[in-house]
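Per numbering that gives the first Met the number 0, the sequence shown runs over residues 0 to 491.
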Amino acid sequence: MGSPQLSTQGTILSLPPNNSISHIAPQGNVVFIGTSKGLARTNDGGRTWESFRGIPQFANDGIFSLGVRGNTIWAATGFNKPVKDDPGKTVQTGSGYAYSFDSGATWRHADQPLDAANDSIVQYGANQISFLPIIVPEQNVTFDLALTDSIVWIASWSSGLRKANYRNATIAWQRTVLPSDSLNSISPADQLGGYRIDPRRNNNFLAFSVFVENDSTVWCGTAGGINKSTDKGVSWTKFSAQNQVSHVLGNWVIAINGQQLGTRKRIWCTNWRAGDQNEQFGISYTDDGGRIWRNFLHGVKSYDFAFKDSIVYVATDDGVFRSADGGNSWTQSGTIIDKTNGQRITTKRFFSVGVLNDTVYCGSGDGLVKTIDNATNPFGQTWQVLRAYRPLGNNTSTTYIYPNPFSPKQEQARVHYTTGGRNASVTVEVFDFAMNRVRTIVKDAQRSGTNEHDELWDGLDDARRTVANGVYFYRVTIDGGEPAWGKVMVLQ
């Protein structure tokens, strides 16, 4: 159900709202980002940001998918819900959608699709298709969405692939009938007695990605392959690692995108290993609508695509890859350091990538970065790191650490401080709750007064062992003066 519009603007920030950048969507001269602390955008290359966090139509801060088409914006929200009676475990839970028709000036809300307990039959040609009703938001998040001028397609884990006309006053979700794991195609003309859509039984009913090629042609990636419809989502053909000679590398398809090459469109998809041990991680593309697939980046876990004319960029666990020759050769992002402020990205894992003119934006769990890619500035020659932090000015008595809490298995913690505008010698140490020193991060390190600084802690002690879960204290000493103290929680 659409709720009344909210006449409000977002909050203007000097930095991104968060360093976990899961989605990037350039549109015109604007770059939208989806983060674990909400949706934001910049129209000046990242110098300032408008954050939509706190607007009621965004039921939660976590952005699970993002789509932008002209002035229309859709964002799927969700959160990790603690599992009752199982401490430390969570389940991904959908909380609906915020959408705007006026570039974010006003917003509406649509609920996460939920079925009534007895809502299980869909007419499909002469067939009555039985669906498992999805009656709870748990395990029902939308991992991807795609927009036409009036239709929004959503790909969700338990709800599968659905669509709605978002121009209507009420959002009414329609289910989509996809081929089961044992079928390579499906259409209303088929005889489908006893056919049942149950995501617990078939991987191809677990939807993860959707791409609209044109008003008639829709692609859907699932945990069982990649599906194509040429009649607006009525009939489908499935391509998998098992049912073709020139096939995709793996059946779990979490991203699909189209690269415009002259008058034709090349369809790219990520490939993850699903149930078959012969499947591989990597990426694939087709130039002929899915009959033949070419495979690249074998063994590399990939998340997202972006394009600039004939160039393709891929966000992966091993950095951002670039190819200008259709995948025959690749370059890699390598070490990322911002030479203007010394900030560097400590992870190779990138979840998102987007291109605006000659600027390539890359999103990681450690911040947003951008680089220029043109004839005079080769890709990755220089980087700018756009990382969220709270400026300290000249206050040397204050320090903080982020993220907090943090998990050493997934990230590094950053001890943030300032030398008060002067060059100084800095020591940063970590202590356990009994005030035993467990790690000296830096000792008498020379730091400039030009910028504020981050010292990285990987969660290891001086013997290179991962510390136990719990509360730790850290101390920042500048030029042997009065130390500044902070506290951090470690959670594996």
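Glycine residues also receive a C-beta, built at the ideal position from the N, C-alpha and C atoms.
As the structure is a computational prediction, the values presented were derived from the model and not from experiment.
- In this structure, the beta-carbon distance from Val217 to Asp143 does not fall below 9 Å.
- One Cα belongs to Arg195, the other to Ile255, and the distance between them is close to 26 Å.
- Out of Asp110, Lys162 and Phe78, the CA that lies nearest to the CA of Gln56 is found in Asp110.
- Where Thr34 is concerned, the enclosing beta strand (DSSP E) starts and stops at Val29 to Thr34.
- The beta carbons of Val299 and Asp317 sit about 6 Å from each other, so the pair counts as a contact at 8 Å.
- DSSP, reduced to helix, strand and coil, places Asn139 outside both helices and strands of the structure shown, so it counts as coil.
- By alpha-carbon distance to Pro198, the top candidate from Ser215, Thr175, Ile282 and Ser157 is Ser157.
- Residue pairing by DSSP places Tyr302 in no beta bridge whatsoever.
- Listed in chain order, the non-local C-beta contacts of Arg389 below 8 Å within the same chain comprise Tyr399 and His415, local neighbours out to five positions each way being set aside.
- In this chain, the beta strand (DSSP E) harbouring Ile11 covers Thr10 to Leu12.
- The stretch 99-106 and the stretch 59-66 do not touch, with fewer than 3 CB-CB distances between them shorter than 8 Å.
- Here Thr375 is actually not in contact with Ser363; their C-beta atoms are around 26 Å apart, not less than 8 Å.
- Its chain contains Val414, Ile440, Val441, Glu454 and Val475 as the residues whose beta carbon lies nearer than 6 Å to that of Val427, once the 5 sequence neighbours on both sides are disregarded; these appear in chain order.
- Remark: fewer than three beta-carbon pairs, one from each stretch, lie closer than 8 Å, so the stretch 43-58 and the stretch 405-412 are not flagged as touching.
- Residue burial is scored here from C-beta neighbours: His452 has at least 16 other C-beta atoms within 10 angstroms and is therefore classed as buried.
- Nearest neighbour of Ile253 by Cα position, chosen from Asp457, Phe350, Thr10 and Ala412, turns out to be Phe350.
- In its chain, beyond the 5 residues on either side, Thr89, Val90, Thr92 and Glu137 have a beta carbon closer than 7 Å to the beta carbon of Lys80.
- A Cβ-Cβ separation of about 18 Å leaves Leu146 out of contact with Gly159 under the 8 Å criterion.
- Residue pairing from DSSP places Arg40 in a beta bridge opposite Phe31 and Glu49.
- If you ignore the 5 residues before and after Asn164, its C-beta comes within less than 7 Å of the C-beta of Ser149 and Ile150, all in its own chain and listed in chain order.
- About 20 Å separates the beta carbons of Arg166 and Arg174, which is beyond the 8 Å limit, so they are not a contact pair.
- Take the alpha-carbon of Ala188 and the one of Ser129: they are about 17 Å apart.
- C-alpha of Gly223 to C-alpha of Met434: approximately 52 Å in a straight line.
- Rounded to whole angstroms, the Cβ separation of Thr395 and Thr358 is 35 Å, and the two are not in contact under 8 Å.
- Secondary structure of Asn256 (DSSP, three-state): strand.
- Partner residues in the beta bridge of Phe472, as assigned by DSSP, are Phe430 and Lys486.
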